[in-house]
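J.:
Laid out in structure tokens, this is it:
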């Protein structure tokens, strides 16, 4: 699980990222990215947030999707990204996809948005 400094925790930050961020949609999730709002240098860490609504499924299913997304973002953190806020919004199809399908889509959408910002 990402450390606290790698997580988007405030509702205001979620709203800002979703409303003002660049967006890429896919079959399993929508990814939003904005440059960091935190003041700092290039060592400011990347922060991730997750939106998994009840449309995805019951609590067990939503938590499974959330845990998968967190595991995938742990891999992205290990690659050394910085200076971005990222929010993943899970779509109902994420409940039935495999881990590798979700991983492929998150990596693809994140790579696209990394080039844009």
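Residue numbers (my numbering): 6 to 122.
C-beta atoms are modelled at their ideal positions from N, C-alpha and C, and glycine is treated no differently.
Comparing C-alpha positions only, which one of 34, 40, 59, 84 sits nearest to residue 73?
T.: Comparing Cα-Cα distances from residue 73 to each of 34, 40, 59, 84, the minimum goes to 34.
J.: Roughly how many whole angstroms lie between the Cα atoms of residue 27 and residue 67?
T.: For residue 27 and residue 67, the distance between alpha carbons rounds to 25 Å.
J.: Spell out the partners DSSP gives residue 90 in its beta bridges.
T.: BP columns for residue 90 point to 39, 52.
J.: Does residue 115 pass the burial test, meaning 16 or more other C-beta atoms within 10 Å, or should it be called exposed?
T.: Under this definition residue 115 is a buried residue.
J.: Per DSSP, what kind of secondary structure is residue 103 in: helix, strand or coil?
T.: Residue 103: coil per DSSP, three-state reduction.
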